[in-house]
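Enquirer:
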Amino acid sequence: MLSRVANSLYWLSRYLERAENLARLVEVNRYESLDSTDPNPWLPLLYTTCTEKIFRESKEQDVGMFISFSEDNPDSIRECVAHARENARMVRDQISEEIWRDLNRFHLFIRSEDAVELWQNQPETFHRRTIEFCMLLSGLIHATVLHDEGWHFMQIGKLIERADKTTRVLDMLAYYQGIAPRAKLASALKSCSAFNAFQAEYRSRISLDNAMSFLLFSASFPRSVRFCIQQLDYHLHAVSGSPIGSYTNEAERITGSTLAQLNFSSSSNILQVGYHDYIDSLQKQFNEIGQQVFDTYILLPLEIRSNTNSETRRRQNDHQRQQQQ
Amino acid sequence: MFSHTSRKTFPHYKCLHEHYANYNVASLSNKQRLIENTFLEEGITFTVYGDNQGTERIFPFDLIPRIIPQKEWQLIEEGLTQRLIALNLFLHDIYHEGQIIKDQVIPESVVKTAAHYRPEMQGVKVSRDIYIQICGTDLIRDDAGNYLCLEDNARCPSGVSYLLENREAMKRAFPNLYSQYRVKPVDNYPDLLLKTLQHLSPRQGHGPVCVLLTPGAYNSAYFEHTFLARKMGIEIVEGRDLIVLDAYVYMRTTKGLEQVDVIYRRLDDDFLDPLCFREDSMLGVSGLMEAYMKGNVALANAVGTGVADDKVIYAYVPEIIKYYLDQEPILQNVPTYLAWREKDRSYILSHLDSLVVKSANESGGYGMLMGPCATKKELQNFAKKIENEPRNFIAQPVISLSRHPTICEDLSIEGRHVDLRPFVLYGDSIEIISGGLTRVALNKDSLIVNSSQGGGSKDTWVLND
Amino acid sequence: MRLKIYHRTVYEYANAVINNNNEVRLSPKLTPYQQVETNFISVLPATRLTRYTDLNFNRVHHFNIPQPHQQLTIDSRCTVKTKRPFEIDSLPYGYAHIEVKKCSQHDSCHTYLQDSSFVEKTPHIWREALDIQADSTDVFQTCYALMDFIYSDFTYASGATQVTTHASEVIKGRIGVCQDFAHAMTAYCRSLGIPARYVSGYFFDSTLDQKLRGSEASHAWVEVYLGQHGWVGLDPTNRKVVDENYVVLAYGRDYRDVAPVIGTYFGRSGSQLTIHVKVESLETNTAGVS
């Protein structure tokens, strides 16, 4: 598969995942802010999405507009969908008609005036629709394309994004310096669609410790960091063809070591390191994995495939323009 | 659809006429809207140049098909085959010995000053000696019903995807009517194209690796590029996906580099290789020309075919046919005056208000003057331009393109001007897809059918006997 | 039947040659049974092509390539609409041997009774032909018997003969390819006083098993003069009366008159010749028609 195509597929699903998480995050935050006395209820949200600075420089006054629709914000929902579609457009021949059609519909919807109107009048419906579109596409990706190399790249993009977003939600809790009110904990869980799953496991024992353990270490909840990294490990090995438990490139090595660390940690370990620092180090590792996937498969060592020329050559990597990140 | 002399319906349109009489205008326009929505949702769009937004538009589609009886089509096929053979011989000749120049049929200066003449190609052997593998000649009909050739698009003709999609849409919208007419199918085009490409492969004993080279997702014809690549089952690549090592071309894949044999390039010569042509080209591949000239990779179409697109060369095509084939042209040219010939120039300048003036090397309807519709000022400006660069301009009488019933914006059905772009493939054999892209000028009395300037399209039905 | 033909002839020279002067007979003839829709002859290196009609009313193209070159390619593409001259139940019987004597004075027949470069009448050939004729008085019946004899008794094999092999050698060796079979038949016919001419052309094998001979190359057969029926084609290579599967390029006294490409050049080396012929039917449904 062409490296550029792999790159586009990766970003296609990563941006979709990003849009979905954003919509959920905003919805939970919006609902909660109805009861809030905080003069800046949106602030944690900007903090979570790392867009405070851009917001301050932007002309956009309304935080909600900024997060959902602003062109100044490269990570607004609208821009994420546009990026996803742009990537899909570049690899249209690699994805199914269904994915393309529905992604295009999603794009047309989110760009329309109707969408803004809906967001203003019935924000919940707007967010639900956005999430549904993402879910639909995720389902289509699962059900309508070959589960081959390209699909594995899509899964890799999605999982890195998902793990990253879950850690950001956890980081939002760090904003409360360990004395997070119960309501905040509940909304953090809801931002990860984790509230019901959490209750099933912990009943009503809702505490920072438990919420954190669940979102980080749960072995069966599909948005926990551990779960995502375990899946990521599987897909990376599926691409390289090397057996699980070994590694052939840096992306696999870092993923493996992160997974081992998650497999054998508990919340007490975290308190030793410091909550924020622990999350921070995880996020750095995710970034590194993403970078290594890029270096290994997209930037590419120049090895000529053996079926065309038995002599294997290596050359200096030449510069390659990197795609929008 | 209607005979020019008697205003009667041509016999091959009778059935269509009866069928459409069953619909009221509203239901027709409803069908049309449905189809256009499908096109938009499926992203069957083109991007408009000179528009910062990179707006995507659909190519407006008209529901009334153009019908061409077998006899008429056969003549078109013969004429196009003749033209393509002659143009290929011409290109081979001017890039080798130049017999046609030595025999004083065409002045050397005309050939060498053509904007798309490539001196680099002098003496280069191209794969299978074929220069133009894919040609999309524009035809029009004059008052007498004769098909005339308007231009040979010998570089990267586009539009074939709309032709195929239009057919799909018509089959869905009018299944009964379609099956009543015995229409020749067009869906074999991708197979034929792939065969044409594979035929060029320089590597023996190895399944040829063909790729489609696109300028990228922002190109106006990007939809078509992905469409064709997908239908052929080949990779669509951008310049940055390819790399040249020791004069061989490889594509970068997640598994390493894979050698490429044939490149169907939808990129103009200028952008192919920054080492050879435009240094600022970000779209091309460094070293591609070296690999090409060494015969390690084949390009379709060959480099330098643009000479045949030059409108001054166009005027010589009848003589080119006579020279190489010793035959009369089957498809006539539109009469053409060459501004660089003194006699022609004074004629052009004195009849400017009744002529169409075209720049020799522009396509897509850019850089032209429609004499009868122009203001005094425009006429003066153009006269000055012609005097300054006579080589760069030609003039033709205004041919009133034939008109074809078309559903208009106000839902009435009126005659609108149409042209026809058939697609010809030259590989192991010469194949012509049975049909073509009929483009229609949607604005009343407009003669400009280009998609970039308010044109639409129709499905074209070629009948079995 | 509509047939589409592609015929490529390539000469490769080990050393560059100059002044390559050629005559090409690759344009299908206009006859009552075939109508030429298109015919394009193209030559590489590209050069001026001119055309004229020869003594046998064949269409000839001529070209000259003055500059040095190492390869000469001649492509011919045509589409031809053919029809069957005779139905199976109305074969051209009824022209008697006694009448055939009269026609020898006709301009159009005289030439095709004389000896020519590759075909001469010998007593030996005459005696064989008489044996084959047996007691037949009908010219068509005799010709059919001659064709049948060649088809059954001669071995079809390439390599045993050359392009310059004479009819008498073929008849002696009882082996050859379509050109030789046609020469042999011409010789038999002429020795019996039946005007016979050599025909070059193409043949489309419309049978399912594709076992007929000569469809992958340019083909040759014979036309004999049958009075009121005119000239009738017989193909000794396949034992067939010529039908809509045949396309006539040229006819003449023998191969020399109709050679598809004939020419001269200046140069130190010989040439390597490759020929590729493809005959396709443009009918939508052809399988099983024979």
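Protein chains in written order, with this note's numbering: chain A, 1 to 325; chain B, 1 to 465; chain C, 1 to 290.
No residue lacks a Cβ here, since even glycine has one placed at the ideal position from N, Cα and C.
Please read all numbers here as calculations on a predicted model, not as lab measurements.
Quick check on this structure: which residue in Gly-455/B, Ile-394/B, Leu-197/B, Thr-460/B has the alpha carbon closest to the alpha carbon of Leu-425/B?
Expert: Your numbering for residue 425/B matches position 425 in the second sequence. The shortest C-alpha separation from Leu-425/B is found at Leu-197/B.
Enquirer: Quick check: the Cα distance between Lys-102/C and Ala-160/C, rounded to an integer number of angstroms?
Expert: As a working mapping, residue 102/C is identified with position 102 in the third sequence. As a working mapping, residue 160/C is identified with position 160 in the third sequence. Rounded to the nearest angstrom, the two C-alpha atoms are 39 Å apart.
Enquirer: So, is the C-beta of Leu-3/C closer than 8 Å to a C-beta in chain B?
Expert: Translated into the one-based positions of the third sequence, residue 3/C becomes position 3. No, Leu-3/C lies away from the interface with chain B (no Cβ there is under 8 Å from its Cβ).
Enquirer: So that I know if they touch, is there some Cβ in chain C lying closer than 8 Å to that of Tyr-324/B?
Expert: Residue mapping note: residue 324/B aligns to position 324 of the second sequence, counting from 1. For Tyr-324/B, the answer is yes, since a Cβ of chain C falls inside 8 Å of its Cβ.
Enquirer: Can you list, in chain order, the residues of its chain whose CB lies under 6 Å from that of Val-124/B, leaving out five sequence neighbours each side?
Expert: For the purposes of this step, residue 124/B is taken as the residue at position 124 of the second sequence. Excluding residues within five positions, the ones whose Cβ falls inside 6 Å are Met-293.
Enquirer: Does Ile-413/B come within less than 8 Å of chain C when only Cβ atoms are used?
Expert: Position 413 of the second sequence, counted from the first residue, corresponds to residue 413/B. No - not a single Cβ of chain C is within 8 Å of the one on Ile-413/B.
Enquirer: Check Asn-20/C in the structure and name its three-state DSSP category.
Expert: For the purposes of this step, residue 20/C is taken as residue 20 along the third sequence, with counting starting at 1. Strand.
Enquirer: Whole angstroms is fine: what's the gap from His-147/A's alpha carbon to Asn-121/A's?
Expert: Translated into positions along the first sequence, residue 147/A becomes position 147. Translated into positions along the first sequence, residue 121/A becomes position 121. Taking the straight line from one Cα to the other gives about 40 Å.
Enquirer: For His-183/C, which three-state DSSP category applies?
Expert: In the third sequence, counting from the first residue as 1, residue 183/C sits at position 183. Note: His-183/C maps to helix in three-state DSSP.
Enquirer: If I'm right that Val-297/B touches Leu-338/B with Cβ under 8 Å, what's the distance once you round it to whole angstroms?
Expert: Taking the first residue of the second sequence as position 1, residue 297/B is located at position 297. Taking the first residue of the second sequence as position 1, residue 338/B is located at position 338. No, Val-297/B and Leu-338/B are not in contact; Cβ-Cβ is about 37 Å, not under 8 Å.
Enquirer: Counting C-beta neighbours from all protein chains within 10 Å, is the total for Gly-54/B 16 or more, i.e. buried, or is it exposed?
Expert: In the second sequence, the residue the question calls residue 54/B occupies position 54. Its pLDDT being 48, under 50, Gly-54/B is placed unreliably in this model, and the value from its coordinates should be taken loosely. The residue is exposed, with fewer than 16 neighbouring Cβ atoms inside 10 Å.
Enquirer: Using 8 Å as the limit for Cβ to Cβ distance, is Trp-100/A near chain B?
Expert: For the purposes of this step, residue 100/A is taken as residue 100 along the first sequence, with counting starting at 1. Interface residue, yes.
Enquirer: Are the C-beta of Ser-310/A and some C-beta of chain B separated by less than 8 Å?
Expert: Position 310 of the first sequence, counting from 1, holds the residue named residue 310/A. Confidence is the limiting factor: at Ser-310/A the pLDDT is only 31, short of 50, which leaves the residue's position unreliable, though a coordinate-based value still follows. No, Ser-310/A lies away from the interface with chain B (no Cβ there is under 8 Å from its Cβ).
Enquirer: CA-CA distance, Thr-31/C and Leu-249/C?
Expert: By one-based count along the third sequence, residue 31/C stands at place 31. By one-based count along the third sequence, residue 249/C stands at place 249. Taking the straight line joining both Cα atoms gives about 10 Å.
Enquirer: Could you check if Leu-273/C is buried or exposed, using at least 16 other CB atoms within 10 Å of its CB as the buried criterion?
Expert: Residue mapping note: residue 273/C aligns to position 273 of the third sequence, counting from 1. Its Cβ having fewer than 16 others within 10 Å, Leu-273/C is exposed.
Enquirer: Alpha carbon to alpha carbon, how far is Pro-92/C from His-229/C? Give it in angstroms, no decimals.
Expert: In the third sequence, counting from the first residue as 1, residue 229/C sits at position 229. In the third sequence, counting from the first residue as 1, residue 92/C sits at position 92. Computed Cα separation, rounded: 6 Å.
Enquirer: If contact means a Cβ-Cβ distance below 9 Å, which residues of the stretch 240-259 of chain B contact chain A?
Expert: Under the 9 Å Cβ criterion, the stretch 240-259 of chain B contributes Arg-240, Asp-241, Ile-243, Leu-245, Asp-246, Tyr-248, Tyr-250, Met-251, Arg-252, Thr-253, Thr-254, Lys-255, Gly-256, Leu-257, Glu-258, Gln-259.
Enquirer: Does any C-beta atom of chain F lie closer than 8 Å to the C-beta of Thr-9/B?
Expert: The chain labelled as chain F is not found among the protein chains of the depicted structure, namely A, B and C.
Enquirer: Does DSSP put Tyr-181/B in a helix, in a strand, or in coil?
Expert: As a working note, residue 181/B is residue 181 in the second sequence. Looking at Tyr-181/B - three-state DSSP - the assignment turns out to be coil, as it is neither helix nor strand.
Enquirer: Could you please give the first and the last residue of the uninterrupted beta strand (DSSP E) stretch that includes Gln-396/B?
Expert: Taking the second sequence and counting its residues from 1, one reaches residue 396/B at position 396. Here the beta strand (DSSP E) through Gln-396/B covers 393-397.
Enquirer: For Gln-141/C, which residues of its own chain have a beta-carbon under 7 Å away from its beta-carbon, when the five flanking residues on both sides are left out?
Expert: Locating residue 141/C in the third sequence gives position 141, counting from the first residue. So the qualifying residues of the chain are Tyr-93.
Enquirer: Classify Pro-65/B as helix, strand or coil using the three-state DSSP reduction.
Expert: Residue 65/B sits at position 65 when you count from the first residue of the second sequence. Reduced to three states, the DSSP call for Pro-65/B is strand.
Enquirer: Taking C-beta to C-beta, are Arg-51/C and His-61/C nearer than 8 Å?
Expert: As a first step, residue 51/C is located in the third sequence; it is residue number 51 there, counting from the start. As a first step, residue 61/C is located in the third sequence; it is residue number 61 there, counting from the start. Yes, they are a contact pair.
Enquirer: Below 8 Å between beta carbons: does that hold for Tyr-264/B and Ala-300/B?
Expert: What you label residue 264/B is simply residue 264 of the second sequence in a count that begins at 1. What you label residue 300/B is simply residue 300 of the second sequence in a count that begins at 1. Yes, these two residues count as a Cβ contact at 8 Å.
Enquirer: Using DSSP with H/G/I as helix, E/B as strand and the rest coil, what is Lys-358/B?
Expert: Residue numbering aside, residue 358/B sits at position 358 when the second sequence is read from its first letter. The answer is strand: DSSP assigns Lys-358/B an E or B state.
Enquirer: Verify the CB distance criterion: does Thr-81/B have a CB-CB separation below 8 Å to chain C?
Expert: By 1-based counting over the second sequence, the position of residue 81/B is 81. Chain C contact via Cβ: present.
Enquirer: Does DSSP classify Trp-221/C as helix, strand or coil?
Expert: Residue mapping note: residue 221/C aligns to position 221 of the third sequence, counting from 1. Of the three classes helix, strand and coil, the one that applies to Trp-221/C here is strand, per DSSP.
Enquirer: From His-83/A to Tyr-314/B, what does the alpha carbon distance come to, in whole angstroms?
Expert: Within the first sequence, the letter at position 83 stands for residue 83/A. Within the second sequence, the letter at position 314 stands for residue 314/B. Using only the alpha carbons, I get a separation of about 44 Å.
Enquirer: Considering only the beta carbon of each residue, do Leu-272/B and Gly-284/B sit closer than 8 Å?
Expert: Taking the second sequence and counting its residues from 1, one reaches residue 272/B at position 272. Taking the second sequence and counting its residues from 1, one reaches residue 284/B at position 284. Yes, these two residues count as a Cβ contact at 8 Å.
Enquirer: Helix, strand or coil for Gln-122/B per DSSP?
Expert: Translated into the one-based positions of the second sequence, residue 122/B becomes position 122. Looking at Gln-122/B - three-state DSSP - the assignment turns out to be coil, as it is neither helix nor strand.
Enquirer: In angstroms with no decimal places, state the Cα-to-Cα distance between Tyr-255/C and His-183/C.
Expert: Stepping through the third sequence from its first residue, residue 255/C is reached at position 255. Stepping through the third sequence from its first residue, residue 183/C is reached at position 183. About 8 Å.
Enquirer: Thinking C-alpha only, which one of Pro-260/C, Arg-190/C, Phe-181/C is nearest Arg-239/C?
Expert: Position 239 of the third sequence, counting from 1, holds the residue named residue 239/C. When only C-alpha atoms are compared, the closest one is Phe-181/C.
Enquirer: Which class does Lys-480/B belong to by DSSP, given the choice of helix, strand or coil?
Expert: What the structure shows of chain B is the stretch from 1 to 465, and residue 480/B is not part of that stretch, so it cannot be assessed.
Enquirer: Output the distance between the C-alpha atoms of Gln-324/A and Ser-36/A, rounded to the nearest integer angstrom.
Expert: Position 324 of the first sequence, counted from the first residue, corresponds to residue 324/A. Position 36 of the first sequence, counted from the first residue, corresponds to residue 36/A. Caution applies to Gln-324/A, whose pLDDT of 32 falls short of 50 and renders its modelled position unreliable; the model cannot decide the point.
Enquirer: What does the alpha-carbon distance come out to for the pair Pro-372/B and Arg-341/B?
Expert: Along the second sequence, one-based indexing puts residue 372/B at 372. Along the second sequence, one-based indexing puts residue 341/B at 341. Those two C-alpha atoms are separated by around 23 Å.
Enquirer: Nearest by alpha-carbon distance to His-276/A: which of Gln-155/A, Ile-289/A, Ala-174/A, Val-81/A is it?
Expert: Here residue 276/A refers to the residue found at position 276 when the first sequence is read from its first residue. Of the listed residues, the one whose Cα sits closest to His-276/A is Ala-174/A.
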